[in-house]
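**Q** I have a structure here, written as structure tokens, and I will follow up with some questions on it.
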Amino acid sequence: MNSKKANWKSKVEDGFEQMGLIVGNHPWRWLLGCLLIIGMLASQLGHLKQDSSIEGFLPKDSKVIQSYVDFKEIFGRDETFVITVETKDPYTQEFATQLHALHQQLMDEVPYIATVDSLANARHTHGKDDTLYVDELLPEVLPTDPDEIAKLKEYALNSENYKNFLISEDGKMVALIVRLNSFNYEKDNNGELQRRYLEEADMLLAYEKLSSIAEQYSQSMATPIDLTGGMPISLELSELTRLDFIVLAGLANLIIGIVLLLIFKRISGVALPLVIMLFGVTVTMSLMAIFGTPIQVSTSILPAFLLAVCVGDSIHLLTIFYRQYDEGDEKIHALAKALGHTGLAMLFTSITTAAGLMSFATSDLTMVSALGIYGALGSLVAFLLSVTILPCLIALAPIKRRRLHQDENKIMHRFLGWCARTSVRFAKPIVITGVFLLVGSIVIASQLKFSHYPLSWLPPDNPYTIAIKKYEEKMGSTTSIEIVLDTGTDRGILNPGFLRAVDQFQQEVVDWDTADYNIAKAISVTNIIKETNRALHDNDEAHYSIPNDPNLISQELFLVEMDEPDDLYNVVDKDF
Numbered sequence: 002m003n004s005k006k007a008n009w010k011s012k013v014e015d016g017f018e019q020m021g022l023i024v025g026n027h028p029w030r031w032l033l034g035c036l037l038i039i040g041m042l043a044s045q046l047g048h049l050k051q052d053s054s055i056e057g058f059l060p061k062d063s064k065v066i067q068s069y070v071d072f073k074e075i076f077g078r079d080e081t082f083v084i085t086v087e088t089k090d091p092y093t094q095e096f097a098t099q100l101h102a103l104h105q106q107l108m109d110e111v112p113y114i115a116t117v118d119s120l121a122n123a124r125h126t127h128g129k130d131d132t133l134y135v136d137e138l139l140p141e142v143l144p145t146d147p148d149e150i151a152k153l154k155e156y157a158l159n160s161e162n163y164k165n166f167l168i169s170e171d172g173k174m175v176a177l178i179v180r181l182n183s184f185n186y187e188k189d190n191n192g193e194l195q196r197r198y199l200e201e202a203d204m205l206l207a208y209e210k211l212s213s214i215a216e217q218y219s220q221s222m223a224t225p226i227d228l229t230g231g232m233p234i235s236l237e238l239s240e241l242t243r244l245d246f247i248v249l250a251g252l253a254n255l256i257i258g259i260v261l262l263l264i265f266k267r268i269s270g271v272a273l274p275l276v277i278m279l280f281g282v283t284v285t286m287s288l289m290a291i292f293g294t295p296i297q298v299s300t301s302i303l304p305a306f307l308l309a310v311c312v313g314d315s316i317h318l319l320t321i322f323y324r325q326y327d328e329g330d331e332k333i334h335a336l337a338k339a340l341g342h343t344g345l346a347m348l349f350t351s352i353t354t355a356a357g358l359m360s361f362a363t364s365d366l367t368m369v370s371a372l373g374i375y376g377a378l379g380s381l382v383a384f385l386l387s388v389t390i391l392p393c394l395i396a397l398a399p400i401k402r403r404r405l406h407q408d409e410n411k412i413m414h415r416f417l418g419w420c421a422r423t424s425v426r427f428a429k430p431i432v433i434t435g436v437f438l439l440v441g442s443i444v445i446a447s448q449l450k451f452s453h454y455p456l457s458w459l460p461p462d463n464p465y466t467i468a469i470k471k472y473e474e475k476m477g478s479t480t481s482i483e484i485v486l487d488t489g490t491d492r493g494i495l496n497p498g499f500l501r502a503v504d505q506f507q508q509e510v511v512d513w514d515t516a517d518y519n520i521a522k523a524i525s526v527t528n529i530i531k532e533t534n535r536a537l538h539d540n541d542e543a544h545y546s547i548p549n550d551p552n553l554i555s556q557e558l559f560l561v562e563m564d565e566p567d568d569l570y571n572v573v574d575k576d577f
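First residue of the sequence shown? That's 2 in my numbering, and the numbers climb one at a time after it.
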């Protein structure tokens, strides 16, 4: 049995040695062939995309993602840009004029914009003599009567719809909520209109324009204006991911280059592994582009990881080659012996590394599964490059022999010898200590908590972190939860019983208050119905309620639909 195992191992090692001879004797042929394949793969790198969105965490066929897509089809995007403007009093003519100008410029100039919600287009729903009026809550030209202005301000500060949403409770901060379209319509080569989801590049264009406009008005209004919200945070994370991608790869190259120089003390010992590392990262990233896998927060570490994997194989092969070559072997023969000696070990190392990483591929989170899949592929790619391109480069590179010195690695040999002697002499204490460390580590590791809080990924002094915390102090949270209720019938929401149940649920949700969280606001179609019902009863607060008559509810919604359809369609579909 042992002879069979030895025979099998010898055959594989002989195969690697023969491969070394073939590649070493025809290096240009092999190198050009490999470079052609790498070049074809690298041509797809331009299609590699980034994705820091929440929906990118789950597969596209996930039920959760499908539900979210259906939601966007009906109600639009829930990710928003929030522009906050600090002011002593929003109900002054100067501020009203500037806010309307800002609102209009956003609508006119921001690409892919869907809606802007602010006091400039917020509803002031009121009634008089059985007539419903829906006016602007902050008119561009304010009334001359101070009492009328005071009434508008009081309405804004007490409205369930707008308090702590478009205006802070103390009236010192107002917000503009900007939503982009979910889709963009473009003509294809045949002139037919095609619909596509907005991509991160599209959102980045809108973000840059929003930043420019916010900066412009911050100067002209001489007041702090901040851009925040879920969308800027997502785009900021995407930019930081891109920078990490570049910086981590650069640092890894620098550190590995220094270590290689210390190990080999040869230019070839630094240059050749770095070339293999570059090719390994390029091929793996190209595969991501080909299969449509974007770079995400977790996969941004792939370049640094792949550099470490690639250099391991290169060091293994070069160490044996340099030893054989410096001992006097002919170059190609030394290369073949080195590949025969290390090929099987590199293969097993690559396979076990890939197998371990592939365990991540079973994760339901795409960013985790992608790390496992492409980390495993990168490990195998590193092996293939190390047994094909690296031998070609060794054969072609002008490598000089170096005289062998007996004490060249004297310090390392002494250290390793001491480790071996100590391990044998104190075996039991070392094992017992290791067991205690293992148990202690498990106990400590069990204290780890799982969390997904993107703000904690950013430094505390990040301007978007500061802006969003300022908004939360004044208004509440920018994080929203959408609950979609399907009545199952046309005009099903006209049922008073259903609406009262929704209204009661809203009240209970807002009343929740725990040590960890609380709900700042809950808005639904019931807010619009109650507001309209009150206005139709001459603003009597006693009628801020759901009517008993479905026909009256239908009429009230019809009136709102005629005046402010966008406000209504933010909370119901067109079939009600």
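C-beta: ideal position from N, C-alpha, C; glycine also.
Treat the numbers as computed from the prediction; the structure is a model and nothing was measured.
1) Taking 8 Å as the threshold (beta carbon to beta carbon), is N549 in contact with chain B?
2) Please give me, in chain order, every unbroken run of the beta strand (DSSP E) with length at least 3 that falls completely inside the segment 62-120.
3) Decide if T85 is buried, meaning its Cβ has at least 16 other Cβ atoms within 10 Å, or exposed.
4) Using a threshold of 8 Å, state whether the C-beta atoms of N165 and K522 are closer than that.
5) Please list the terminal residues of the continuous alpha helix (DSSP H) segment that includes H317.
6) Can V179 and T88 be called in contact, C-beta distance under 8 Å?
7) Can you say whether Y454 is buried or exposed, counting buried as having 16 or more other CB atoms within 10 angstroms of its CB?
8) Determine, using beta carbons only, whether A396 and G25 come nearer to each other than 8 Å.
9) Please check the pair L358 and S380, which I expect to be a contact at CB under 8 Å, by giving their CB distance rounded to whole angstroms.
10) Pull the bridge partners of T229 from the DSSP assignment, please.
11) Less than 8 Å between the C-beta atoms of I374 and A362, yes or no?
12) For L366, which of I38, K12, V65 has the nearest alpha-carbon?
13) Is the segment 411-424 touching the segment 288-298, taking contact as three or more C-beta pairs under 8 Å?
14) Flag S301 as yes when its Cβ comes closer than 7 Å to any non-hydrogen atom of the ligand NAP, and as no otherwise.
15) Check the C-beta distance from T354 over to V310 and give it rounded, since I have them as a contact under 8 Å.
16) Within 10 angstroms of the Cβ of E240, are there 16 or more other Cβ atoms? Answer buried if so, exposed if not.
17) For the alpha helix (DSSP H) that contains N528, what are its first and last residues?
18) Given this structure, state the Cα-to-Cα distance separating D574 from T533, to the nearest angstrom.
19) So does the segment 300-307 actually touch the segment 240-252, counting three or more Cβ pairs closer than 8 Å?
20) In the DSSP assignment, find the alpha helix (DSSP H) that holds V135 and state where it starts and stops.
21) Quick one: what does DSSP say V485 is sitting in, helix, strand or coil?
22) Expressed to the nearest angstrom, what Euclidean distance is found between the alpha-carbon atoms of K154 and Q94?
23) Measure the C-alpha to C-alpha separation of T242 and S53 and round it to an integer number of angstroms.
24) Within a Cβ cutoff of 8 Å, which residues of the same chain sit near L236, ignoring the five residues on either side of it in sequence?
25) So what does DSSP say about T578, is it helix, strand or coil?
26) How about A468 and L181: do their beta carbons lie closer than 8 Å?
27) List the whole-angstrom C-beta distance separating S315 from S387, where the pair is believed to meet the contact cut-off of C-beta under 8 Å.
28) To the nearest angstrom, how far is the alpha carbon of N254 from that of S269?
29) Suppose you measure from the CA of G376 to the CA of S183; what does that come to, to the nearest Å?
30) Can you give the Cα-Cα distance for T488 and Q51, rounded to whole angstroms?
31) Which whole-angstrom value describes the C-beta separation of I554 and K531, a residue pair presumed to lie in contact below a C-beta threshold of 8 Å?
32) For G258, which residues in the same chain have their Cβ closer than 8 Å to its Cβ, ignoring the five residues on either side in sequence?
33) Determine whether the beta carbon atoms of G231 and E80 lie at a separation below 8 Å.
34) One question on the structure: do K470 and S169 come within less than 8 Å of each other, judged by their Cβ atoms?
35) Between which two residues does the alpha helix (DSSP H) carrying I214 extend?
36) Can you tell me where the alpha helix (DSSP H) with I333 in it begins and where it stops?
**A** Inspection of the coordinates gives the following:
1) Among the chains in the structure shown there is no chain B, since it carries only a single protein chain.
2) 82-87, 114-118
3) buried
4) yes
5) 303-327
6) no
7) exposed
8) yes
9) 7 Å
10) V83
11) yes
12) V65
13) no
14) Only the bare structure without any ligand can be found here, which leaves the ligand NAP out of the picture.
15) 7 Å
16) exposed
17) 526-537
18) 19 Å
19) yes
20) Where V135 is concerned, there is no enclosing alpha helix (DSSP H), although the beta strand (DSSP E) it sits in stretches over 132-137.
21) coil
22) 13 Å
23) 8 Å
24) S53, E201, M204, L205, Y208
25) The requested residue 578 does not occur in the structure, where the chain is confined to residues 2 to 577.
26) no
27) 6 Å
28) 15 Å
29) 33 Å
30) 38 Å
31) Incorrect: roughly 11 Å between the Cβ atoms, too far for contact.
32) V271, L275
33) yes
34) no
35) 201-221
36) 332-359
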